[in-house]
Amino acid sequence: MIAIDLSGRTGLVVGVADKHSIAWGIAQMLAEAGARLAITYQNERLEKNVRELAGTLSDALIMPLDVTDDAQIEAAFAAIGREFGRLDFLVHAVAFAPREDLSRDFVDTSREGYRISQEISAYSLAALARAARPWMKEAGGGSIVTMTYYGAEKVVAGYNVMGVAKAALEAAVRYLANDLGPDNIRVNAISAGPMKTLAARGIPGFMGMLKHHEEKAPLRRRVDMRELAGTALFLCSPLGSGITGEVIHVDAGYNILGL
Ligand code: NAD
Numbered sequence: 005m006i007a008i009d010l011s012g013r014t015g016l017v018v019g020v021a022d023k024h025s026i027a028w029g030i031a032q033m034l035a036e037a038g039a040r041l042a043i044t045y046q047n048e049r050l051e052k053n054v055r056e057l058a059g060t061l062s063d064a065l066i067m068p069l070d071v072t073d074d075a076q077i078e079a080a081f082a083a084i085g086r087e088f089g090r091l092d093f094l095v096h097a098v099a100f101a102p103r104e105d106l107s108r109d110f111v112d113t114s115r116e117g118y119r120i121s122q123e124i125s126a127y128s129l130a131a132l133a134r135a136a137r138p139w140m141k142e143a144g145g146g147s148i149v150t151m152t153y154y155g156a157e158k159v160v161a162g163y164n165v166m167g168v169a170k171a172a173l174e175a176a177v178r179y180l181a182n183d184l185g186p187d188n189i190r191v192n193a194i195s196a197g198p199m200k201t202l203a204a205r206g207i208p209g210f211m212g213m214l215k216h217h218e219e220k221a222p223l224r225r226r227v228d229m230r231e232l233a234g235t236a237l238f239l240c241s242p243l244g245s246g247i248t249g250e251v252i253h254v255d256a257g258y259n260i261l262g263l
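Under my numbering, the first residue of the sequence shown is numbered 5, with each subsequent residue one higher.
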């Protein structure tokens, strides 16, 4: 029998806001496989929620982390160094664009909205990967997994500035994979089908996207959290050891469709 056993491994999961967060689904499955996790919360508004959730995992390290704040990144990784002394995987499930920019045609994106969406949704992957690198080297290598969406590849109505940020994120995955490969650190993205989360509610017309997906995807349904989390688990495990720089679609096949 082949089983995935991550006992003795440690991971950092960034992007838990509530129980619907993709990051939370992934954290639960990594913990089920035996990993010890650090879980972060973006700000005080989310702290209570995240502490309650992370408190259900065994021995999680819980810390604040706003990815736009270099001092917080430094503090979080210093804590990981102290507590874990190594890092085996990093899950980056973070994105943001100002609502007024998300709901505009891309051509009307403000300079500031573009900057913010790129900084939080794409640059943060590089910033966290850089900080993770020394601790992953201590572990003899590592796996970094980020979350993306089909709107990076093709025009999806309503996705606007976030589609461009996800395109940058997917390119960042490839460049980071090449930079970090010599240290045996792998970097991949999961391109997820639509999920009802806090972030998704900010996308104009999201419910219509869900319905369309269910009707048209080859599997004629949405994906569920366990399917996304299982793919992240696979990528974080030795079974994924040959895969880096990839965007893996977990979308019930939606991306293969033409007309
Ligand atoms: P979510 O709202 O639960 O998670 C988004 C997270 O980003 C939140 O935890 C929020 O606190 C965090 N975040 C935003 N700005 C931050 C900052 N400055 N510093 C630190 N954290 C910050 O929604 P989700 O759908 O689980 O989103 C997770 C990832 O999955 C995102 O990258 C999203 O684009 C991606 N994704 C979602 C879907 C979907 O349909 N929900 C589909 C494909 C990809």
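Ideal placement from N, C-alpha and C gives every residue a C-beta, glycine not left out. It should be emphasised that the depicted structure is a prediction, and the values quoted were computed from it without experimental measurement.
Can you confirm whether the region 146-153 touches the region 85-101 when touching is taken to mean that 3 or more C-beta pairs between the two stretches lie within less than 8 Å?
yes
Ile207 by DSSP, collapsed to three states: which one?
coil
Asn192 - DSSP class collapsed to helix/strand/coil:
strand
Report all residues from its chain with a CB closer than 8 Å to the CB of Ser245; omit the five preceding and five following residues, and keep chain order.
Arg190
Below 8 Å, can you find three or more Cβ-Cβ pairs linking the region 25-41 to the region 55-66?
yes
Pro222 versus Ala236 - alpha carbon distance
22 Å
Same chain, Cβ closer than 7 Å to Ala130, five either side skipped, listed in chain order
Ala176 and Leu180
Residue range of the unbroken beta strand (DSSP E) whose run includes Ile30:
Unbroken run through Ile30 is the alpha helix (DSSP H), Ile26 to Glu36; no beta strand (DSSP E).
Using beta-carbon positions only, say whether Asn192 and Leu239 come within less than 7 Å of one another.
yes
Sorry if obvious, but does the Cβ on Pro198 come closer than 6 Å to a heavy atom of the ligand NAD?
yes
Taking 6 Å as the line, does the beta carbon of Ser25 fall inside it for any heavy atom of the ligand NAD?
yes
Same chain, Cβ closer than 7 Å to Ser107, five either side skipped, listed in chain order
Pro208
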